[in-house]
Amino acid sequence: MGGSTENSAFKKTHNPWALGRTPGGSSGGAAACVAGLMAPLSIGTDTGGSIRQPASFCGVTGMKPTYGRVSRYGLVAFASSLDQAGPLAKTAEDVALLLEAVAGHDPCDSTSANVPTPSYTASVRQPLQGLRLGIAREHFGDGLDGEVDASVREAIKVFESQGATVRELSLPHSKYAIATYYIIAPCEASSNLARYDGVHYGYRTDEKAMLAELAEERKVLEGAGDRAKLEALDTSLVRMYRKTRSEGFGAEVKRRIMLGSYALSAGYYDAYYVKALKVRRLIREDYDAAFKDVDLIIGPTTATPAFKLGEMNEDPLAMYLQDLYTVSANLAGIAAISVPCGISKSGLPIGLQLQAPPFEEERLLRAAHMFQQATDWHTKRPN
Amino acid sequence: MNDKPYEIIIGLEVHVQLQTQSKLFCRCSTTYGQAPNTQTCPVCIGMPGALPVMNRRAYELALRTAVALNLDIPEFTKWDRKNYFYPDLPKGYQISQFDLPMSQNGWLEISDAKGAFEPKRVRITRAHLEDDAGKSMHDEAAGKSDSRIDLNRTGTPLLEIVSEPDLRSPQEAKAYLTELRLLLTYLGVSDCNMQEGSLRVDGNINLHIDTPDGKVATPIAEVKNMNSFRAVERAMAYEAERQYEVWCEKKIKLGDKPGGHKTTRGWDDGQQVTVKQREKEESSDYRYFPDPDLLPVIVTAEQVEQVRADLGELPAAMRTRLESTYGIDPYDSDVLVNQGRELVAYYEELATASGDGRRASNWVQQDVLRTLNEQQATIADFVISAASLADLLKAIQAGDVDNTRAKDVFEEMLRSGSSASDAMAKLGIEKVDASEAESLCRELLEANPQVVEDLKAGKMKAVGSLIGQAKQRNPNVNPGEFKDMCLKIVEIM
Ligand SMILES: [Zn+2]
């Protein structure tokens, strides 16, 4: 969970470009292994940017397909209405190859879309004629790193030199995207993670120690004759749940479970969850309106190149802002891709994000391939 | 109904297991009684990564029931997660329907064939679908506090039918359940087997008490663990008396603090009492929200009309029709309809072929049902066809056989599977010639002058001994006809 792999239950992943830096997250491992030439293809999952941000940090190509394009069956759910699996690879062509293999309707996933899957490999090399690109004002605001800004603008010029037209547009509700995401995702996560309760799945607290602890507490209360507290004392079942989940989950996961449980509670549900759903719809409507005039929206994948490991540990909010440019695509359910478009002075990859209307993965791949025909950023490898 | 100064207010929540081959969101079998945890799959045990897919058949059965219960069917309904922790709930949530259930605002009419209460429409708040939890088996025998979990039942489709608090007596509560079960059986949506848990009832009950200061309501109790309709009736009756006693003693009203909140009680069938249950730790904040793994369900008005058209005749309509078509009274139509569609079809064939609906009703209720009961059989396995039995009834009407001997014929038909006429021939039953009967009559009257005296004095019972003697001489003598003949002869003597 989170944008750095530092909350992993196993171990941290390091960025092959700079071992002291994060590969991004949560699919940082999937991006790092492609960047590090350990695997030609990998699959990640993207709930708020978890394929595109690592792809950007690691200098690889990574796509979040349209919600419903790839089956979620078998994917451990974090936020079910946002989660989408997708490919990471060195080039758009390789991404096309893997996407073609994993895309398509799955009767075992009710949210999987029953739409035909085009042959991405057959079309990826065909350039797009008269491509209309949109630049969202909101993607070039405060906080955007100068080098990233310059690289993205350079990339836009590349498309223009290939005949694309560019216009500025606005996604007015994107400023609410992070807030909306951090209501909806934790709400769903709090429920999806309930099964890791020590009875059915996941870690379970040491039972003997737990029972001994309870017996001790009971003894103390009995000694003090505190009947009210005795009556309120946990049953062994409740204590087992309490300890299991306190000990088994890390701080970030617990933070999200608490956020979600709170937002879903009686009395808060309308103010948080229902309102977030309304904003989510407005964000989708922004995109629907924008895509009437443009074919793709182009901008940075992340505000900065990869940050240092440990840099965000004390600041969960700063970590949440990592998803600033990517999270809207998940909320709107549209498709988006990140392709390498530069290298910073400190030698870190920079990512370009292209966003497309639902089920237009083919358009994304063809545009990404056009770009990779004209540039060589995707061929750069860490030393 | 009662002479106590209060009115009983009861609402019932019924969980009905729908009769599907597979579970609500996976392909596992719903067969009852298999070895623990053998009917499970990644979906119903909540394996990370597994996803639910709605069982269309379950939805159809739910829709059928909802339409029959006169519920409104909205076009759009969705699935919600009801979140709570319990060992028999592997996902950590139940998939249910919260604010947009598949049906709401219906009613079921109940009545009592013996008139114990006025017929009434019990309003039904809603009926919604949900998946069942598993079963916890507490194994404390070995001195351990271990619990075992069987997830075979997890994910079984349940329809929860919630009534308004419209029931005013334990009898009405039982009548509601009986009528509901009959309806569900007619619809073919559930086997309603309470022992196997396919029908579960919780009762919410309190009292409205007349006091000098006006009506007051007692705190509501939700009673669980009632495993038969009789238990429901008794638990409700017990609870009403208990609440009245508590009221007289403590004067705690609904909503009072402390003590006026809703409590949960369990029916103890052995002790015939309700017992307060430990309140659930997590109280009732289930943090409902729409299940993102499932799509909303859209039901069009045309689909609802199609379901309505395919319902077939339901019990209430059938009773009325039997009464008007065959001239039987409500008690009889109730007995017949309660036996199910197949028996009613048998009855109707018999009534039509014999031309006597009442006689047919009597024979079905007494002889046919008694036999089925003895044989532990259903009407589908019954040896005597409606057409054959109709022949026997016609023979009775024609006076070819009297009622008593007709029972022998029935037994013979049952034993040998033969037709009515063959069975009568086998038993040597034939109509006694009128002149032969008359000469037998005159002979017996002459031999019994005292009987003649008695008859002339108006002691009609005296004719009985003559009938007895006549039947000894010729078992085929029709007692009714013979009696009439005797009286006629005595009159002109
Ligand atoms: Zn299953």
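Chains as they are written, first to last, in my numbering: chain A, 36 to 418; chain B, 332 to 824. In this text, a Cβ means the ideal position worked out from N, Cα and C, and glycines have one as well. Treat the numbers as computed from the prediction; the structure is a model and nothing was measured.
Ligand 1 heavy atom lying under 8 Å from the CB of residue i
i: B:Gln425; result: no
i: B:Gln574; result: no
i: B:Lys354; result: yes
i: B:Val374; result: yes
i: B:Thr542; result: no
i: B:Ile435; result: The amino acid occupying residue 435 of chain B in the given sequence is Gln; Ile does not appear at that position. No.
i: A:Gly386; result: no
i: B:Gln370; result: yes
i: B:Arg358; result: yes
i: A:Gly368; result: no
i: B:Gly380; result: no
i: B:Gly586; result: no
i: B:Gly486; result: yes
Whole-Å CB distance - residue i paired with residue j, under 8 Å assumed
i: A:Pro207; j: A:Asp321; result: 6 Å
i: A:Arg291; j: A:Leu268; result: That pair is no contact at about 29 Å.
i: B:Gln574; j: B:Asn537; result: 6 Å
i: B:Phe429; j: B:Gly423; result: In fact, because the Cβ distance is near 17 Å, the residues do not count as touching under 8 Å.
i: B:Val453; j: B:Tyr507; result: 5 Å
i: A:Leu344; j: A:Glu41; result: 7 Å
i: A:Ile333; j: A:Ala325; result: Rounded, the Cβ-Cβ distance is 12 Å, inconsistent with contact.
i: B:Leu642; j: B:Ala399; result: 6 Å
i: B:Tyr617; j: B:Asn414; result: 6 Å
i: A:Ala171; j: A:Gly83; result: Not confirmed; about 17 Å, so no contact.
i: B:Asp687; j: B:Gln634; result: 43 Å between Cβ atoms; not a contact.
i: A:Ala341; j: A:Gly59; result: 6 Å
Beta-carbon contacts of residue i that lie in its chain and below 7 Å, excluding the five residues immediately before and after
i: A:Glu195; result: Val201
i: B:Gln435; result: Leu402, Asp403, Thr456, Arg457
i: B:Asp739; result: Leu758
i: B:Glu527; result: Tyr363
i: B:Pro627; result: Phe407, Thr408, Lys409
i: B:Pro496; result: Ile340, Ile341, Gly342, Asn535
i: B:Leu645; result: Ala399, Leu514, Tyr517
Opposing strand residues paired with residue i [DSSP bridges]
i: B:Gly342; result: B:Asn535
i: B:Met385; result: Per DSSP, none; premise fails for B:Met385.
i: B:Met557; result: B:Val532
i: A:Ser377; result: In the sequence as presented, Ser is not what sits at residue 377 of chain A; that position holds Gly. DSSP lists A:Ile385 as partners of A:Gly377.
i: A:Val273; result: Beta-bridge pairing links A:Val273 to no other residue.
i: B:Gly545; result: B:Thr542
i: A:His49; result: Partner(s): none; A:His49 has no beta bridge.
i: A:Gly97; result: A:Leu123, A:Ser373
i: A:Gly169; result: A:Arg202, A:Ile332
i: B:His592; result: Looking at the DSSP assignment, B:His592 forms no beta bridge with any residue, so it has no partner.
Proximal residues to residue i (C-beta, below 6 Å), its chain only, five neighbours per side dropped
i: A:Tyr211; result: Val314
i: A:Ser85; result: Ser61, Ser62
i: B:Leu674; result: Ile710
i: A:Arg239; result: Gly233, Thr279
i: B:Ile666; result: According to the sequence as given, residue 666 of chain B is Val; it is not Ile. Excluding positions up to five away in sequence, the list reads Gln696.
i: B:Glu613; result: No answer about B:Glu613 holds up, because its pLDDT of 41 lies below 50 and its placement is not dependable.
i: B:Met332; result: Legend: pLDDT at B:Met332 = 46, less than 50; position of this residue unreliable, value from coordinates given subsequently. Here the set comprises Ser500.
i: B:Val825; result: Within the shown structure, residues of chain B are numbered from 332 to 824, placing residue 825 of chain B beyond reach of any answer.
Cβ shell of residue i (< 8 Å), same chain only, five flanking positions each side left out
i: A:Thr156; result: Glu128, Ala131, Leu132, Glu135
i: A:Asp328; result: Arg167, Gly169, Arg202, Leu204
i: B:Lys802; result: Val808, Pro810
i: B:Gly591; result: Pro550, Ile583, Lys584, Leu585
i: A:Met245; result: Ser271, Arg274, Met275, Lys278
i: A:Ile78; result: Ala65, Ala120, Gly121, Pro122, Leu123, Leu133, Val137
i: B:Met744; result: Val714, Ile715, Ser719, Leu720, Leu723, Ser750, Ala751, Ala754
Counting pairs of Cβ atoms below 8 Å between the segment 333 to 343 of chain B and the segment 170 to 190 of chain A, do you hit three or more?
no
Quick check: the segment 348 to 357 of chain B against the segment 365 to 385 of chain B, are there 3 or more CB pairs under 8 Å?
yes
For the structure I just gave you, are there three or more beta carbon pairs, one from the segment 114 to 124 of chain A and one from the segment 384 to 395 of chain A, closer than 8 Å?
no
Contact between the segment 101 to 108 of chain A and the segment 367 to 378 of chain A (3+ Cβ pairs under 8 Å):
Note that the segment 101 to 108 of chain A touches the segment 367 to 378 of chain A; at least 3 beta-carbon pairs, one per stretch, sit closer than 8 Å.
Using 8 Å as the cut-off, can you tell me whether the segment 401 to 408 of chain A makes contact with the segment 108 to 120 of chain A, which would need three or more C-beta pairs spanning the two stretches below that distance?
Contact between the segment 401 to 408 of chain A and the segment 108 to 120 of chain A is absent, because fewer than three Cβ pairs lie under 8 Å.
Should the segment 592 to 609 of chain B be regarded as contacting the segment 625 to 643 of chain B, the criterion being three or more beta carbon pairs within less than 8 Å?
Short answer: they don't touch.
The segment 145 to 155 of chain A contacting the segment 381 to 391 of chain B, beta-carbon criterion three pairs below 8 Å:
Segments in contact, yes.
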